[in-house]
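Numbering (this note's numbering), first residue to last: 8 to 781.
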């Protein structure tokens, strides 16, 4: 009887008549100083009667009695530029919390324009003028093919292509290798935050650890980034976690093929302004593995959290963190007559991976025009990889042994000071102590026994400093200039890297930007500690460097459209290469058997044109059209210029979505489509005689990357249905990736035929999920 009563209660809750009004709360702060703005006005746009309020002494506001559905808000404050926060989804069962930043008017009497706070229009970091784009948690959920993953989301942006196949979230930016992308969380560098990170592509993985439940508006940069950013050659993910709304606790559960998730947020203590957010996810596949006809196991889990603790006198504290654990096993086939490919058919392997980061950030207003932010963080990753190959007598022979433990203890602090309305200065330092325990043994020549390829145990230092200044020269002209320095103790190399950019407002609807920067990046620590005959030939290897030059023109076409065009030229030098060889680290994907001696004689050049036409979500639909035309070339140790692996020459994306709102927001249905056309990646012809002799794939390095896979078209779709009930919201979502079965290509040695086979892989990936928000 108890279960019957409970079931009837649950049915009643989920079918109760909808509440037609909701509350939106938030905080209004100064963009530069993060200081709360007292008495700022916020009103609901295009609604009668007028609904509005003002922020209190702590910058907080609360708007009650709002209709559910998509709403827009106008925020005004004397001496600041107005903003319109557009198309905010106001839902039942969960209050919406907004963080609104206002920018002070620099010139008295200047023309006042209302700026729409479109999530994709302006980066969170306002000092980034060129090659930067913001993205929101809603986009990661809504964009077809995004799979709630920021790394997959940004492949729809201009200049970005996927790499490593449809099952990988690795990205190539403007012809650069995925390993040249840096990830940051709350402003500090962290390891590759992906499940199964770096197994097939260095810099990529299967799915990011960042849950959409915690993501806030974040930045993605593709070149010529300002002096605040270092140790990256091609791009930066600058991820932020949101803070929970004080007061009532919220609970979200989600069940899908990506995983089973539980998230919670709210005040840490009743009546407290201190809040928490936490999300845990466990792989659905791991639960299903016992039911599947497979010899092996694959599973993952992750945890993310953010605690926000404001104080009256000593500033604001944030305690944040992420962590993930992965495990995969594969057993050899029992029937030796079926053996063809070494890894899949007659290998036993076990992979255990872990990655995590935890930090404490402290923000403090030091005076009316400045704030100090300091972060102490620990991060690390661990790889345990054991692979054995069986012979025809089923004797096990070691093939690969990896023990890779790296971690870093980082301290970062910067001061942002508004000297006056025209001049802002930001200066900072980041000190990283790197710890490593590296032990890798393998068979690079496929000959027993295995030999040690990488060996290192100890610590190293990476110290970065920067200073930059933003100067509003005229109402229509703004400048940012600065210098970034970097010192790495392993090779004792010190660099000073100038950065500069300019933004010119041609008229209220259009602007021109120009950016330049010198950038550098250290290699993975395993490269420096590669072993050859007891020596470490790469220990003094210098950092790869590049000059970035970007020019762009952006124009707002009415209230909801934006057109953007950028041209870029990236010149790379001091690139690690193998002497007298076509090899270059610019083409590196992944090779656990790599232990070659490298020299800094390589070069590279990436040039191209990017075009974007975007319609922001309004009146129920949006679209994003991007095209990139580019050339990516490199010079290896043999001094010959060639195409890079990632030179696809052309990439075009079409993303479109429609949202239908019914019953005053009680039901929301969305449909999204994405199509991507790209030229194929380059590859090197196979040296068959050498492959047969070695019994593994060997390439003809003299003809490096002279061949190209066929161009392909990848299509993704997604659908969602949100329903609002009394105190509860539910959402059904179906994301289908690779609808038309586009193929990935690779090569593998066939032991049965003694040939090298071209392997075609490609499957439809449907992901169904159900989410409930309390």
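Think of the CB as a built atom: it goes at the ideal place given N, C-alpha and C, for glycine as much as any other residue. As the structure is a prediction and not an experimental result, all values here were calculated from the model.
Pick from the options that is closest to residue i, judged by C-alpha positions
| i | options | result |
| --- | --- | --- |
| residue 698 | 616, 452 and 82 | 452 |
| residue 428 | 446, 438, 481 and 462 | 481 |
| residue 37 | 284, 304, 339 and 377 | 377 |
| residue 571 | 695, 164 and 726 | 164 |
| residue 589 | 640, 304 and 483 | 640 |
| residue 148 | 677, 682 and 766 | 677 |
| residue 364 | 197, 346, 217 and 498 | 197 |
| residue 403 | 410, 623 and 354 | 354 |
| residue 154 | 263, 498 and 668 | 263 |
| residue 368 | 314, 630, 596 and 773 | 314 |
| residue 681 | 747, 543 and 217 | 747 |
| residue 740 | 714, 773, 712 and 753 | 773 |
| residue 643 | 348, 605, 685 and 775 | 605 |
| residue 714 | 358, 686, 731 and 737 | 686 |
| residue 528 | 53, 491, 485 and 261 | 491 |
| residue 486 | 501, 511 and 497 | 511 |
| residue 296 | 288, 306 and 568 | 306 |
Buried versus exposed call for residue i [16 or more other C-beta atoms within 10 Å across all chains shown]
| i | result |
| --- | --- |
| residue 321 | exposed |
| residue 553 | buried |
| residue 617 | buried |
| residue 762 | exposed |
| residue 516 | exposed |
| residue 493 | buried |
| residue 130 | buried |
| residue 8 | Bear in mind that a pLDDT of 38 at residue 8, under 50, signals an unreliable position, so the number given afterwards is only what the model happens to contain. It counts as exposed. |
| residue 327 | buried |
| residue 518 | buried |
| residue 279 | exposed |
| residue 301 | exposed |
| residue 646 | exposed |
| residue 777 | exposed |
| residue 700 | exposed |
| residue 608 | buried |
Pair within 8 Å by beta-carbon distance, residue i and residue j
| i | j | result |
| --- | --- | --- |
| residue 232 | residue 135 | yes |
| residue 6 | residue 716 | Nothing can be reported for residue 6: it is not among the residues displayed for the chain, which extend from 8 to 781. |
| residue 506 | residue 139 | no |
| residue 137 | residue 465 | no |
| residue 70 | residue 60 | yes |
| residue 445 | residue 536 | yes |
| residue 379 | residue 415 | no |
| residue 382 | residue 194 | yes |
| residue 751 | residue 212 | no |
| residue 582 | residue 591 | yes |
| residue 97 | residue 106 | no |
| residue 722 | residue 240 | no |
| residue 431 | residue 476 | yes |
| residue 361 | residue 407 | no |
| residue 736 | residue 780 | yes |
| residue 249 | residue 290 | no |
| residue 413 | residue 548 | no |
The alpha helix (DSSP H) enclosing residue i, as first and last residue numbers
| i | result |
| --- | --- |
| residue 157 | 157-160 |
| residue 291 | 291-295 |
| residue 696 | 695-701 |
| residue 532 | 532-535 |
| residue 349 | 349-352 |
Residue interval of the beta strand (DSSP E) (run including residue i)
| i | result |
| --- | --- |
| residue 147 | No beta strand (DSSP E) contains residue 147, which is instead part of the alpha helix (DSSP H) from 144-149. |
| residue 753 | 751-757 |
| residue 385 | 377-397 |
| residue 467 | 458-481 |
| residue 764 | 762-768 |
| residue 560 | 551-564 |
| residue 581 | 568-584 |
| residue 592 | Note, residue 592: premise wrong, no beta strand (DSSP E); not H, not E. |
| residue 418 | 403-425 |
*With contact counted as at least three CB pairs below 8 Å, one residue from each stretch, are the stretch 361-374 and the stretch 336-351 in contact?*
no
*Would you call the stretch 426-443 and the stretch 471-478 in contact, with 3 or more CB pairs under 8 Å?*
yes
*Count the CB pairs spanning the stretch 168-180 and the stretch 267-275 that are closer than 8 Å, and state whether there are at least three.*
no
*Could you tell me whether the stretch 249-257 touches the stretch 272-287, where touching means 3 or more Cβ pairs closer than 8 Å?*
yes
*Taking contact to mean at least 3 C-beta pairs separated by less than 8 Å, is the stretch 621-631 in contact with the stretch 546-563?*
no
*Touch check for the stretch 393-409 and the stretch 49-60: three-plus C-beta pairs under 8 Å?*
no
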